[in-house]
């Protein structure tokens, strides 16, 4: 379970990173119609986090709620890229890139808990992340 615990804790941190990244994107996105995608992703990530966090707690696993140091650095870069990019298109490209990274963390966690029905919800969450990647790329 040690490998699974590490993969799940990493996924938990990356979901927090994703949520924080989408909140940052929301602060920079222009137009309420185009912001609907970001708002939906924020709501999804909040739900993902809550579900993963509850399951980790149920298994007696303590997690950090601050996200990863790498993501904090990325958000600093995100601000610079946002200023230099072409408005919403650049933001959506960053959203897609971040979610591709998140999907990879889901893959690791799903493989680590393979066969444990308590974690079956990860497959559905991962599918939603992949759908967000596709949508963000189409909006970019």
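Residue numbers (our numbering): 22 to 161. For glycine and all other residues, C-beta sits at the position ideal for the given N, C-alpha and C.
- The beta carbon of residue 140 lies closer than 6 Å to those of 134 in the same chain, with the five residues before and after it left out.
- Of the residues assessed, residue 75 falls on the exposed side of the cut-off, its CB having fewer than 16 other CB atoms within 10 angstroms.
- Taking 7 Å as the cut-off, the beta carbon of residue 117 is found closer than this to the beta carbon of residue 154.
- If you draw a straight line from the Cα of residue 136 to the Cα of residue 26, it is about 15 Å long.
- By the CB criterion at 7 Å, residue 125 and residue 31 fall outside the cutoff.
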